[in-house]
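*Asks:* Encoded as structure tokens, here's the structure I'll be asking about.
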Amino acid sequence: MSSERLYFFDSEAKQARGPYLLDQLKEFSETGVISRNTLVAPPDNSEWIAISDWPELDSFLFPPSTIHLRTERYQAEAEAPAALATDAYEVLAINRSHEDPDKLVITDEDMRPRMTRRTRDYLWGIFGGNFLIIAGNGLYGLLFGVNPVILLFSLALVAMWTAGFTWITYGIMGRW
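In this note's numbering, the protein residues as written are 23 to 198.
Here it is as structure tokens:
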């Protein structure tokens with residue numbers, strides 16, 4: 023049946039259209055070009071028949087709906103739901119897996135401290151600054167040749183940047 027070609031009668035244009043493969047007719051049925059009342063005919067037959075009168079074609083083009091609607095009315099719950107947990111330990115306990123009851127017990131060891139913004143900014147500054155120093159001096163070495171003095175100079179710059187940035191971040195500036 024999949025290689026069969028069919029004509030269908032376009033009632034708006036008052037003319038026959040086709041021949042179309044079944045896959046093309048399936049697309050027409052999904053887009054609403056044809057309906058169950060549309061007349062179809064095979065190329066060798068001049069007899070027009072409605073799609074709804076041809077069971078195999080009807081079930082192929084218009085499959086039964088797979089959506090099941092609710093038959094009973096919605097009933098509201100008799101009691102109000104529990105309030106949301108605000109304690110960090112309760113939230114962690116609720117979000118844990120309920121397969122193992124031992125995992126529901128929360129201890130202080132489970133709460134890992136979060137990295138502070140100052141530490142995060144410090145690490146970005148150290149790695150970023152050192153990368154720029156090494157990349158700049160490495161580029162100079164590639165352009166003008168490797169020189170041991172430039173190498174020692176870049177190592178000294180890295181050490182000075184690290185010491186200075188650490189002193190400014192943790193010694194002079196306050197917490198943020």
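Backbone N, C-alpha and C define an ideal beta-carbon position, used for all residues, glycine too.
All of these numbers come straight from a predicted model, not from anything done at the bench.
Rounded to the nearest angstrom, what separates ARG139 and ASP109 at their Cα positions?
*Replies:* Answer to the nearest angstrom: the Cα atoms are 24 angstroms apart.
*Asks:* Taking the continuous alpha helix (DSSP H) assigned at LEU174, which residues delimit it?
*Replies:* From DSSP, the alpha helix (DSSP H) with LEU174 extends over 170 to 188.
*Asks:* At what residue ranges does the stretch 30 to 67 contain a whole run of the beta strand (DSSP E), taking only runs of 3 or more?
*Replies:* With a minimum length of 3 residues, the continuous beta strand (DSSP E) runs that stay inside the stretch 30 to 67 are 37 to 43 and 61 to 63.
*Asks:* When the Cα of GLY196 is compared with those of PHE84, SER57 and THR141, which residue comes out closest?
*Replies:* Closest option to GLY196, Cα to Cα, is THR141.
*Asks:* PHE59 to LEU28, Cα distance in whole Å?
*Replies:* Strictly speaking, residue 59 in this sequence is Asn, with Phe absent from that position. Approximately 15 angstroms, taken between the alpha carbons.
*Asks:* According to DSSP, is ALA100 helix, strand or coil?
*Replies:* Coil at ALA100, not helix or strand.
*Asks:* Quick one: is VAL113 buried, meaning 16 or more other Cβ sit within 10 Å of its Cβ, or exposed?
*Replies:* So VAL113 counts as exposed.
*Asks:* Please report the distance separating the alpha-carbon of LEU44 from that of PHE84.
*Replies:* Cα to Cα, LEU44 sits roughly 12 angstroms from PHE84.
*Asks:* How would you write the range of the alpha helix (DSSP H) that GLY193 sits in, first residue to last?
*Replies:* Here GLY193 belongs to no alpha helix (DSSP H), and DSSP marks it neither H nor E.
*Asks:* Could you check which residue in LEU179, ALA72, GLN97 and MET137 has the C-alpha nearest to that of PHE31?
*Replies:* Considering only alpha carbons, the answer is ALA72.
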